[in-house]
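When we follow my numbering, the leftmost residue of the sequence shown carries the number 975, and every step to the right adds one.
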Amino acid sequence: MAFFTHHIKRSFSSSAVRNVVIKNVTIIGGGQMGAGIAQVAASTGHSVTLVDMTDDILKKAMKGIQSSLRRVVKKTFSGDPESGDDFIQKVMQNVSTSTEPSAAIATSDLILEAIVENMKIKQDLFGFLDKMAPEHTIFASNTSSLPISDIASATSRPDRCAGLHFFNPVPLMKLVEVVATTSTSPETSESLLNFTKALGKTPVCCKFLNPCLVCPGHPWVHRHASKEDIDTGMKLGAGYPMGPFELSDYVGLDTIKFIMDGWSKKEPDNPIFAPSQLLNKLVAEGKLGKKTLEGFYKYNK
């Protein structure tokens, strides 16, 4: 990323932490997850800066947020389109974009990364941001697979680092995992729990991230039922908005494979995280889910 090349000399010591009321949020990563989190935070009155490498990525993210808000308005303001337009305008005014995070970080209460699932890149990002973020700023990662403590080790504020794992699609999914490490302070956890509730989400505290998406590609799953029956059963029986195969296609099978490979490397003897030949085959063939119109399922444009 371009903003890794800057060298900021200012640093802060890790002192006693107070409870932080999160109002100003910087989200690093304008992909599906980052844009979704930005939409939800802006909709609840938070000031959001969405950061990514290029203006094209950010324009696409903003366009996606507007489209998503129109769907919300269609349901919520069906009898009052004028109020719906006002709502969209107010939400969009709460979101700014930048390819250089420096200015936004100066006033950030929370920096949340939603970038590629790569430990080195995440550590480089947080190590860079740590040098210029205010002392009170909380750092959070939306990772679904990597250890938060390892990411936090790149900073001088492990007590102000945690996982904040949203589920896809963010505007629809109510659950958020607040993942504390052994170094995360109670004040940091409480601030993130309060922030999550302010977004209208339901937080759960946990020490491990949710690895539920690693299962769909395993042979034993297919021996017990078809993907269609599994998805239907989870939607109708467990109340899921999407079944695991549908959700995997929605997230992207390349991302799911990256997560599985990470867990397999971390726990090589655990059969749950054994590599999936089916998943590997689909990714090798470029069948990555909805974004390529074929994954576990086929899709129309």
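We put the beta carbon where it would ideally sit given N, CA and C, even for glycine. Here the structure is a predicted model, which is why all the values come from computation and not from measurement.
Look up residue i in the DSSP assignment and say whether it is helix, strand or coil.
{"i": "Ser-989", "result": "With a pLDDT of 41 at Ser-989, under the threshold of 50, the predicted position of this residue should be treated as unreliable, and no value is reported."}
{"i": "Gly-1141", "result": "Going by the sequence as given, residue 1141 is Phe instead of Gly. Coil, per DSSP."}
{"i": "Lys-983", "result": "Reliability fails at Lys-983, whose pLDDT of 33 lies under 50, so the model's placement of it is uncertain and no value is given."}
{"i": "Gly-1010", "result": "helix"}
{"i": "Thr-1170", "result": "helix"}
{"i": "Val-995", "result": "coil"}
{"i": "Thr-1330", "result": "Here the chain comprises residues numbered 975 to 1275, so residue 1330 is not present and cannot be evaluated."}
{"i": "Gly-1213", "result": "coil"}
{"i": "Leu-1256", "result": "helix"}
{"i": "Ala-1015", "result": "helix"}
{"i": "Ala-1107", "result": "coil"}
Looking only at C-alpha atoms, which of the options sits nearest to residue i?
{"i": "Met-1106", "options": "Ile-1079, Met-1093 and Ser-1070", "result": "Ile-1079"}
{"i": "Gln-1063", "options": "Leu-1210, Val-995, Gly-1019 and Gly-1003", "result": "Gly-1019"}
{"i": "Asp-1030", "options": "Gln-1013, Ser-1041, Gly-1004 and Leu-1043", "result": "Gly-1004"}
{"i": "Lys-1094", "options": "Ala-1126, Pro-1075, Leu-1149 and His-1110", "result": "Ala-1126"}
{"i": "Thr-1129", "options": "Gln-1013, Ile-1085, Lys-1264 and Leu-1146", "result": "Ile-1085"}
{"i": "Ala-1154", "options": "Met-1147, Leu-1166 and Lys-1148", "result": "Leu-1166"}
{"i": "Lys-1255", "options": "Ala-1012, Pro-1177 and Asp-1228", "result": "Asp-1228"}
{"i": "Pro-1215", "options": "Val-995, Asp-1124, Glu-1241 and Leu-1146", "result": "Leu-1146"}
{"i": "Glu-1241", "options": "Ser-1119, Asp-1203, Val-1090 and Gln-1251", "result": "Ser-1119"}
{"i": "Pro-1075", "options": "Leu-1032, Asp-1205 and Val-1178", "result": "Leu-1032"}
Between residue i and residue j, which are expected to be in contact by the criterion C-beta below 8 angstroms, what is the C-beta distance as a whole number of angstroms?
{"i": "Thr-1071", "j": "Met-1036", "result": "7 angstroms"}
{"i": "Asn-1142", "j": "Val-1025", "result": "In fact, because the Cβ distance is near 20 angstroms, the residues do not count as touching under 8 angstroms."}
Who does residue i pair with in a DSSP beta bridge?
{"i": "Glu-1087", "result": "Ile-1002 and Ser-1115"}
{"i": "Lys-1272", "result": "Glu-1268"}
{"i": "Pro-1177", "result": "Val-1150"}
{"i": "Gly-1263", "result": "Glu-1268"}
{"i": "Ala-1035", "result": "Bridge partners of Ala-1035: none, in fact."}
{"i": "Ala-1136", "result": "Ala-1114"}
Would you give the residue range spanned by the alpha helix (DSSP H) that residue i belongs to?
{"i": "Ser-1157", "result": "Here Ser-1157 belongs to no alpha helix (DSSP H), and DSSP marks it neither H nor E."}
{"i": "Leu-1103", "result": "1093-1104"}
{"i": "Ser-1123", "result": "1122-1126"}
Since residue i is in the beta strand (DSSP E), which residue starts that stretch and which ends it?
{"i": "Ser-1021", "result": "1021-1025"}
{"i": "Thr-1229", "result": "Taken as a continuous stretch (DSSP letters only), Thr-1229 belongs to no beta strand (DSSP E), being part of the alpha helix (DSSP H) at 1227-1240."}
Mind checking if residue i is an interface residue toward chain C, Cβ cutoff 8 angstroms exclusive?
{"i": "Ile-1085", "result": "Of the chains in the structure shown, none is chain C; there is only one protein chain."}
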